[in-house]
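S.K.: Could you have a look at this structure, given as structure tokens, before my questions?
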Amino acid sequence: MCSVLNKLTQLKKVMRNSISNSLRLEIVDVYYHSSISKLDICKKYGISRTTLFRILRTFGPVNINRSMNKKTLPSSALSLSEMEEELLRLRLRVKELEGELYDAQMARDAYDCMIDLAEKRYHIRVRKNSDAK
Numbered sequence: 217m218c219s220v221l222n223k224l225t226q227l228k229k230v231m232r233n234s235i236s237n238s239l240r241l242e243i244v245d246v247y248y249h250s251s252i253s254k255l256d257i258c259k260k261y262g263i264s265r266t267t268l269f270r271i272l273r274t275f276g277p278v279n280i281n282r283s284m285n286k287k288t289l290p291s292s293a294l295s296l297s298e299m300e301e302e303l304l305r306l307r308l309r310v311k312e313l314e315g316e317l318y319d320a321q322m323a324r325d326a327y328d329c330m331i332d333l334a335e336k337r338y339h340i341r342v343r344k345n346s347d348a349k
């Protein structure tokens, strides 16, 4: 009996993680831009109400008043296509920053190598002595 419960728990975890972010964003978009009820959305996408609320809390607009039971869309909320464009823009920015970080690390390594070579060739200490006061 215990092994059956463990397998059921594992299956639920796999199913929870099987919803892609694009589908989650689509669910948020449908929720805020249509008159479909929460129950109908759950039936349409085959998710539980708890999953729907978790998706709305995680992927929905940030400034929603949680005490409100009505689905009101804040004026600053973005549409699905705008969110996807923003996500793409942010991913490109991350790639750009990763490239800059790589270049900076390479420059640092090159400076360290030059200092090591200068210390060996000219027998002078370039780096500060950590014991100096």
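First residue of the sequence shown? That's 217 in this note's numbering, and the numbers climb one at a time after it.
Note that the Cβ used here is the ideal one computed from N, Cα and C, for glycine as well.
Return the Cβ separation of Ser296 and Leu241 in integer angstroms, given the expectation that the two are a contact with Cβ distance under 8 angstroms.
M.R.: For the purposes of this step, residue 296 is identified with residue 80 of the sequence shown, where counting begins at 1. For the purposes of this step, residue 241 is identified with residue 25 of the sequence shown, where counting begins at 1. Note that residue 296 is Leu in the sequence shown, not Ser. Indeed, because the Cβ distance is near 6 angstroms, the residues count as touching under 8 angstroms.
S.K.: Does DSSP classify Gly315 as helix, strand or coil?
M.R.: Residue 315 sits at position 99 when you count from the first residue of the sequence shown. Residue state, collapsed to three classes: helix.
S.K.: Are there 16 or more other CB atoms within 10 angstroms of the CB of Ile263, so buried, or fewer, so exposed?
M.R.: By one-based count along the sequence shown, residue 263 stands at place 47. That one is buried.
S.K.: Using CA atoms only, rank isn't needed, just tell me which of Asp328, Tyr247 and Arg309 is closest to Ile271.
M.R.: Numbered from its first residue, the sequence shown carries residue 271 at position 55. Among Asp328, Tyr247 and Arg309, the Cα nearest to that of Ile271 belongs to Tyr247.
S.K.: Are the beta-carbon atoms belonging to Glu335 and Arg324 less than 9 angstroms from one another?
M.R.: Start at 1 with the first residue of the sequence shown, and residue 335 comes out as number 119. Start at 1 with the first residue of the sequence shown, and residue 324 comes out as number 108. No, the pair does not count as a contact, with Cβ atoms beyond the cut-off.
S.K.: Assign Ile340 to one of three DSSP states: helix, strand, or coil.
M.R.: What you label residue 340 is simply residue 124 of the sequence shown in a count that begins at 1. It is coil, neither helix nor strand.
S.K.: Nearest-angstrom Cα distance between Val244 and Leu333?
M.R.: Locating residue 244 in the sequence shown gives position 28, counting from the first residue. Locating residue 333 in the sequence shown gives position 117, counting from the first residue. Taking the straight line joining both Cα atoms gives about 59 angstroms.
S.K.: For Ile331, which three-state DSSP category applies?
M.R.: Numbered from 1 along the sequence shown, position 115 holds the residue referred to as residue 331. Helix.
S.K.: Suppose contacts are defined by Cβ-Cβ distances below 9 angstroms. Is Glu300 in contact with Ser238 by that definition?
M.R.: Against the sequence shown, residue 300 aligns to sequence position 84. Against the sequence shown, residue 238 aligns to sequence position 22. Yes, Cβ-Cβ distance for Glu300 and Ser238 is below 9 angstroms.
S.K.: Report buried or exposed for Gly315, applying the criterion of at least 16 other Cβ atoms within 10 angstroms of its Cβ.
M.R.: Taking the sequence shown and counting its residues from 1, the one referred to as residue 315 is at position 99. Result: exposed.
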